[in-house]
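One structure is given below, encoded as structure tokens.
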Amino acid sequence: MNEQEGTHLDAAEALKFAARLTLLPKFSPHPEALSALADYLSGMIHGQEWGGRWWTAHEQAEWLIEKILSTWRFWSGPAPMRELYTSRFRVSDELLREEACQAETAATDATAVACGICRDSGTVQHDGRFEWCACGQGQSLREQLPNWLDVLNRPAVHPLPADRIRGPDASQSAFNTELRQRTIRGIAEAEDARRKAKEATH
């Protein structure tokens, strides 16, 4: 099979995989829940190389669902499912871009700056490192991107100058655009590093 085949799950395949998880306690069999999970699976999984061979999206989904059914006592949610998936494979770039766009949208919904400390970026710098701001925006972004601080504080990521965050003339749109690009790149690098470390131990 060449690398162009089996790249994505189609809607019917994704729904079948999602439906198998109804065997787990605490998983909602509601059609909307199944549809949402199927959409998430099809967005997350994509054909890729692992262990010296090409894995189709179908093969990856089969591995993931079987792993969940054989090791989980009950349905724990999409976040632990994603963590299990990224222990071996890499999340699709499309999903990472979508998540970063959602985070940016959430950060810019309000037309006025609500927090004068972080200027609604959700993070502040202290002693050269990023920290969560105590405002509502900081709490919201902490829930949406819990590893955001790890990404921003990675040695390869150069901190933004303080005036880009707190300065009265700072462009919030430009800041969010740059931060979104850094987040996409950083999350992808972090998940790749974790996946490779996991692969090296097997």
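Following my numbering, the numbering of the sequence shown begins with 745 at its first residue and continues without gaps.
Note that CB positions come from ideal geometry on N, CA and C, so glycine has one too.
- Rounded to the nearest angstrom, the gap between the Cα atoms of residue 775 and residue 892 is 32 Å.
- With three or more CB-CB distances shorter than 8 Å, the segment 781 to 790 counts as touching the segment 822 to 834.
- In this structure the segment 872 to 885 does not touch the segment 837 to 845; the number of beta carbon pairs closer than 8 Å is below three.
- Excluding the 5 residues flanking it on each side, residue 758 has same chain C-beta neighbours closer than 6 Å at 782, 785 and 786, in chain order.
- Where residue 802 is concerned, there is no enclosing beta strand (DSSP E), although the alpha helix (DSSP H) around it starts and stops at 801 to 815.
- The C-alpha of residue 860 is placed about 11 Å away from the C-alpha of residue 868.
- Taking residue 762 as the centre and dropping the five residues before and after it, the same chain places the C-beta of 778, 781, 782 and 785 closer than 7 Å to its C-beta, in chain order.
- DSSP places residue 830 inside the alpha helix (DSSP H), whose first and last residues are 822 to 830.
- Cβ-Cβ distances below 6 Å link residue 793 to nothing in the same chain once the five nearest sequence neighbours on each side are left out.
- Cβ-Cβ distances below 7 Å link residue 801 to 750, 751, 752, 753, 789, 790 and 791 in the same chain, with the five nearest sequence neighbours on each side left out; the list follows chain order.
- Scanning 847, 864 and 897 for the CA closest to the CA of residue 887 turns up 847.
- Secondary structure remark: continuous beta strand (DSSP E) runs of at least 3 residues inside the segment 753 to 806, in chain order: 792 to 794 and 797 to 799.
- Just so you know, the alpha carbons of residue 835 and residue 935 end up roughly 8 Å apart.
- Annotation for residue 886: the continuous alpha helix (DSSP H) segment containing it runs 880 to 888.
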